[in-house]
Structures are given as C-alpha cells and as structure tokens.
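Protein chains in written order, with the numbering used here: chain A, 62 to 135; chain B, 3 to 383.
Structure first, then comments.
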Ligand SMILES: Cc1ncc(COP(=O)(O)O)c(C=O)c1O
C-alpha cells in the first residue's frame, strides 16, 4: 500500500477532498506505525499508480506534505 | 415598541436563520475538537472548520484556503499582522481613518523602535494617494489600510494601493471589517498580502470569530505558541499555516456559524446585498440632508461608501441623540468615537464624535423612513 502523510489533520482533510474531486481512490487512515514520529494524525492511502499525479496536484494547491508517497507492507 | 436595529457596523443583527441553526446543530450533534485526535467526532468537527475556510476562500478569491487562520476577531488578526512582520527599524504606514485596532498596536510598536507614519485623508475620509506615495521610505515595510471606514463608510482605493505596494515590495495589509461580505474583495487582483477579517459584521457570523489570510511565501510570526494538535513532539511551534497561528482550541461553534453566514452571502450574491444597503443609505442621506442644523459626514455619493452614515446636530450632543433614538423610538445606533479617534479628528468631530447609523441587509425602506422622521423630531425639540 502507498501512503502520503501530512503535518496536520487539516492538511490531510483538504488533501482528501482535492484527491476525491479528481476521482482518485483515496482513504484517510491512521499514520502507520512504521512512520510514527513523522507526525500525528492521518495519512492518505492510495493506489501506487496515482501517487505521482496526487503529489503534483497537492503541491499545486498548497498542501503541506511530509512523506511524499511511501510504500508500506500491510 | 418594536426595535429598529441600525448598528450593523458594530455587529450585524439579526443573523440569517442558517447561522443560528448551524451553531445549534454543531453544539448538539457534533461537538468534537477539530484536529485533536482522529475520532469521528473530531474529524467531523475538523471538516466543518475546513468548509468555512473554503467558503471564505471562495468569497475572497483565495486559491489556498489553508492560508487562512482563524482568530477571535480582526483586532487579533491585525495584531498578528503588525507584530508578526515588523521589527525595530522598520517603517509602517497607515491612514488617518484607521480604527484603534491598527492605531494602538502601531503606537505600542512605535515605543519599541518601529517607525510609523499616518497619511492624511480628505474631510470625506478618502486617502490622499500622493501623500501615501511620498511617505514611502527606504525602510518602509508595510502599508495597512481599512477597506471602508467604520465612521463614514468611505471606500479606499484598495487596488491602487495594492499596486503601489507591489511595485515597492511592501507588505499590504487590509482591514476588511466594514467591507467583507459587502464589497468585492479579490486578494490576487488587489495585491493583498495579508487580509484580515472579522466574522460578526458583514460576514453575518457570530461574535468571537475572525481570521487572517497570508499570501503564500510570506511568513508571519505568531503572537502565541501552544497546542495545535499537530507535530506535538516538536518543541517548536509549527511553521506551516494554518496551525502556526492557531494555538489553542478554536471557537468551533462560532466558525461553523460563520460558515453558514458566508454560505448565505454567496447564495444571495454580495452584489444584491450591496445594492440593497446602498439604496437604504442613499435614502437615509437624502432624508437627513433636509433636516436643519444637521450635518452628515462622508462621501455624497453612496457608491463611494459602505452602508455607514454619521451625523451631528449643531445643538444636541451625539450621545443624547442616540439615547433618545433608543428610548423614545426604539432605534439602535451608536454615538461617540467608534474606537476611531483618528477618523473623528480627520472629520473634525472631536471630542464628542457623531451619531452613526449603519443599515444592514435585513433593514427595510420603511425603517429608514421612520428613523429619518425620528431624527427630524429630535432635532426640533
Ligand atoms: C474598520 C474596523 N476595524 C477593526 C474593527 C474591530 O473589530 P473587532 O472588534 O471585531 O476586532 C472594527 C469594528 O469595530 C472596524 O470597524
């Protein structure tokens, strides 16, 4: 699974909205344990093939991102 | 006696039904603390706060809604703008029509080595652009201006000043207390670097709400540090917006109510609201001009002003006029200095100030006629 993480819940929620508007299958999940310490709150889980486009979109909309797409084993 | 409320420049009343309903709904059915944890309640609450940011962004043509931080009111927003950007040796320019929410923080900063200049305005309250340009110096860092005066309603040439700021590399701060929700505001076209707003006037939200927009690329130091629900292990305050300027639990019910107010504005269209308020103000002004010994202040053409009209009677103190309007006629106004001694100095109405009438979207022509009649009667006796 691929995740993007954000510095705060506000950024995660706005990201979720923007990605959904683009038709990207995104789901907010608690930050995976492997990444804890990176930040608190929420991560966006999404298909690997959408990561690049998603990051570009979020950058364009001024969303702050911590992990710019990382693959995690479930 | 039925009340006629003509003090919308102090705070708008009544609010749209949707505002009352939204606050009640939040308090009864949601109630979570936004950004604090990720329970469904906290997330529902955070989503509602985000929605208000997005609605405000739409209204002000802000492309990144997360560049808006909420504050308790515009006074705090202006304090953040000034104290978060200026350092000793910097020069700040503002106008002689400004509210104390700018003037007092500026005077306080002046004691700490920040230079200030106050640019004169005409007797109608309009900024003298030539004088403004002349006041710009090598160390000028910021120009702060209210979009519309809370005493005369005078609309300032925001776009022109925005261009001047852009050309000179200055931070342009706009106080939209009397214009947000009534006049078009476009942070990009008007080159506004920092837009401050208060929720409880033209935006039709409850008291205790306000905010500050800061353009991307500009960093403003917070007035306070604390819990933000984010990056809690870091001993430093987060530097990203909106968290950097949002320490402590927000006024979430208020912000949800503010969202409902802005939704009402966007649905009605601010042009419609503006047109109605302009008509009422024009009617009021015409009527008042017929009363002997009465002087009205501000621009003659109501297109040049927000719906704020101040007047004095030669022979009666403004406070007495306001008192009699309420007690004999049920008409709510505000007399005195309106927290704006600079503006009253500009108009020549110190020390007693003036009596201010400020119609809103929910006032009617009939109420304006009754009020004009009441003032005529008071003037006679
Ligand atoms: C032009 C202007 N600036 C600032 C303020 C201060 O607003 P608040 O009391 O909501 O901070 C007001 C209203 O009182 C105002 O009219």
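The beta-carbon is built from N, C-alpha and C at its ideal position, and this holds for glycine as well.
Inside the region 104-133 of chain A only - alpha helix (DSSP H) runs reaching at least 4 residues
Restricting attention to alpha helix (DSSP H) runs no shorter than 4 residues, the region 104-133 of chain A encloses them at 112-121, ordered along the chain.
Leaving aside the five residues before and after residue 13 of chain B along the sequence, list all residues of the same chain whose C-beta is less than 8 angstroms from its C-beta, in chain order.
Excluding its 5 nearest sequence neighbours in each direction, residue 13 of chain B has C-beta neighbours in its own chain below 8 angstroms: 202, 203 and 209, listed in chain order.
Tell me the DSSP bridge mates of residue 93 of chain B?
Residue 93 of chain B is bridged to B:117 and B:142.
Alpha carbon of residue 211 of chain B to alpha carbon of residue 128 of chain A, nearest angstrom
Residue 211 of chain B and residue 128 of chain A have their C-alpha atoms some 33 angstroms from each other.
Residue 219 of chain B to residue 69 of chain B span [Cα, whole Å]
Distance between the alpha carbons of residue 219 of chain B and residue 69 of chain B: 10 angstroms.
Is it true that the region 14-28 of chain B meets the region 249-263 of chain B, where meeting means three or more beta-carbon pairs spaced less than 8 angstroms apart?
Yes: the two stretches touch, three or more of their Cβ pairs being nearer than 8 angstroms.
So what's residue 26 of chain B in DSSP terms, helix, strand or just coil?
Note: residue 26 of chain B maps to helix in three-state DSSP.
Neighbouring residues, chain A, relative to residue 231 of chain B (Cβ below 8 angstroms):
Correct list: 69, 70, 101 and 102.
Does the beta-carbon of residue 123 of chain B, which I'm using as the reference point, lie nearer than 8 angstroms to any heavy atom of ligand 1?
Within the chosen limit of 8 angstroms, ligand 1 does not reach the beta carbon of residue 123 of chain B with any heavy atom.
Inter-residue spacing [alpha-carbon to alpha-carbon] between residue 80 of chain A and residue 67 of chain B
Their Cα atoms are separated by approximately 15 angstroms.
Note down, one range per segment and in chain order, each alpha helix (DSSP H) of at least 4 residues found wholly within the region 243-318 of chain B.
Segments of the alpha helix (DSSP H) lying fully in the region 243-318 of chain B: 254-270 and 272-291.
Contact under 9 angstroms by Cβ, residue 67 of chain A with residue 125 of chain A:
By the CB criterion at 9 angstroms, residue 67 of chain A and residue 125 of chain A fall inside the cutoff.
Please classify residue 80 of chain A: does DSSP put it in a helix, a strand, or coil?
Here residue 80 of chain A sits in helix by DSSP.
Within the region 41-112 of chain B, note down every full beta strand (DSSP E) run reaching 3 residues or more, in order along the chain.
Complete beta strand (DSSP E) runs here, min 3: 70-73 and 93-97.
Should residue 125 of chain A be flagged as near chain B, meaning a C-beta pair shorter than 9 angstroms?
True, the Cβ-Cβ gap to chain B drops below 9 angstroms.
Among B:266, B:4, B:123 and B:360, which residue has its Cα nearest to the Cα of residue 350 of chain B?
Of B:266, B:4, B:123 and B:360, the residue nearest in Cα terms is B:123.
Where does residue 73 of chain A sit, in a helix, a strand or coil, going by DSSP?
Note: residue 73 of chain A maps to helix in three-state DSSP.
Roughly how many angstroms separate the alpha carbons of residue 104 of chain B and residue 362 of chain B, rounded to a whole number?
So the alpha carbons of these two residues sit roughly 25 angstroms apart.
Is the beta carbon of residue 160 of chain B sitting closer than 9 angstroms to the one on residue 194 of chain B?
Residue 194 of chain B sits close to residue 160 of chain B, with the two beta carbons spaced by under 9 angstroms.
The alpha helix (DSSP H) spanning residue 175 of chain B covers which residue range?
Unbroken run through residue 175 of chain B is the beta strand (DSSP E), 173-177; no alpha helix (DSSP H).
Assuming residue 130 of chain A contacts residue 63 of chain A (C-beta within less than 8 angstroms), just tell me the rounded distance between them.
That belief holds up - the Cβ atoms of residue 130 of chain A and residue 63 of chain A are roughly 6 angstroms apart, short of 8 angstroms.
Inter-residue Cα distance where the pair is residue 158 of chain B and residue 95 of chain B
In this structure, the CA atom of residue 158 of chain B is about 15 angstroms from the CA atom of residue 95 of chain B.
Counting only beta-carbon separations shorter than 9 angstroms, does residue 51 of chain B have a partner in chain A?
For residue 51 of chain B, the closest Cβ of chain A is nearer than 9 angstroms.
What residue from B:230, B:269, B:252 and B:72 has the CA that sits closest to residue 33 of chain B's CA?
Closest option to residue 33 of chain B, judged by alpha-carbon separation, among B:230, B:269, B:252 and B:72: B:252.
Whose Cβ in chain A lies nearer than 7 angstroms to the Cβ of residue 66 of chain B?
Result: 122 and 123.
Could you round the C-beta distance between residue 18 of chain B and residue 213 of chain B to whole angstroms and report it? I think they count as a contact, below 8 angstroms.
Incorrect: roughly 19 angstroms between the Cβ atoms, too far for contact.
Can you grab the Cα-Cα spacing for the pair residue 327 of chain B / residue 188 of chain B, in whole Å?
Rounded to whole angstroms, the gap between the alpha carbons of residue 327 of chain B and residue 188 of chain B is 38 angstroms.
Do the region 283-300 of chain B and the region 75-92 of chain B make contact, defined as three or more Cβ pairs closer than 8 angstroms?
Using a Cβ-Cβ distance cut-off of 8 angstroms, the region 283-300 of chain B and the region 75-92 of chain B are not in contact, since fewer than three pairs of beta carbons, one from each stretch, lie closer than that value.
So for residue 344 of chain B, helix, strand or coil by DSSP?
The three-state reading of DSSP puts residue 344 of chain B in helix, counting H, G and I together.
Can you list, in chain order, the residues of the region 29-43 of chain B whose Cβ is nearer than 8 angstroms to any Cβ on chain A?
Going along the region 29-43 of chain B in chain order, one finds 36, 37 and 40 with a Cβ nearer than 8 angstroms to chain A.
How is the alpha helix (DSSP H) around residue 373 of chain B delimited, first residue to last?
367-382 is the extent of the alpha helix (DSSP H) around residue 373 of chain B.
What residues in the region 189-218 of chain B have a beta carbon less than 7 angstroms from any beta carbon of chain D?
Absence of chain D from the displayed structure is noted, the protein chains being A and B.
Start-to-end residues for the alpha helix (DSSP H) that takes in residue 331 of chain B
DSSP places residue 331 of chain B in the uninterrupted alpha helix (DSSP H) bounded by 320-331.
Taking only beta-carbon atoms, is residue 224 of chain B less than 9 angstroms away from chain A?
Closer than 9 angstroms: no.
Determine whether the Cβ of residue 45 of chain B lies closer than 9 angstroms to any Cβ atom of chain A.
Taking Cβ atoms only, chain A reaches closer than 9 angstroms to residue 45 of chain B, which makes this a yes.
Find the residues of chain A that neighbour residue 294 of chain B, judging by a C-beta separation of less than 9 angstroms, and give them in chain order.
Within 9 angstroms Cβ-Cβ: nothing; residue 294 of chain B doesn't reach chain A, min ~58 angstroms.
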